[in-house]
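In my numbering, the protein residues as written are 91 to 139.
Every residue, glycine too, gets a C-beta built ideally from N, C-alpha and C.
From a predicted model like this one, the values you see are computed outputs, not experimental measurements.
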Amino acid sequence: MARQKKEFSNIRHGKKRAFLVAYSEVGNISQAAELAGVDRSTIYVWKDR
C-alpha cells in the first residue's frame, strides 16, 4: 500500500501504518485490516500493547 498520510509518518511498523491509513479512509476495522493485509485479530493484539 503506497499511500501514506503525514499524521501516521511517526509509525515505523509498515503494516500498522497501512492499517491506520486504511482505517482513516474506510472507518471499518475488518475492511481496513483486509486492505492492510493483516488479520483482524492482530489489530486487537496491537491495541492491547
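Original post:
Of the choices G104, E97 and S99, whose alpha-carbon is the least far from that of W136?
Top reply: Out of G104, E97 and S99, the CA that lies nearest to the CA of W136 is found in G104.
Subject >> Contacts around K106, its chain only, beta-carbon distance under 7 Å, and the 5 residues preceding and following it disregarded >> reply: W136
Original post:
Roughly how many angstroms separate the alpha carbons of V115 and A122, rounded to a whole number?
Top reply: Residue 115 is actually Glu in this sequence, not Val. About 8 Å.
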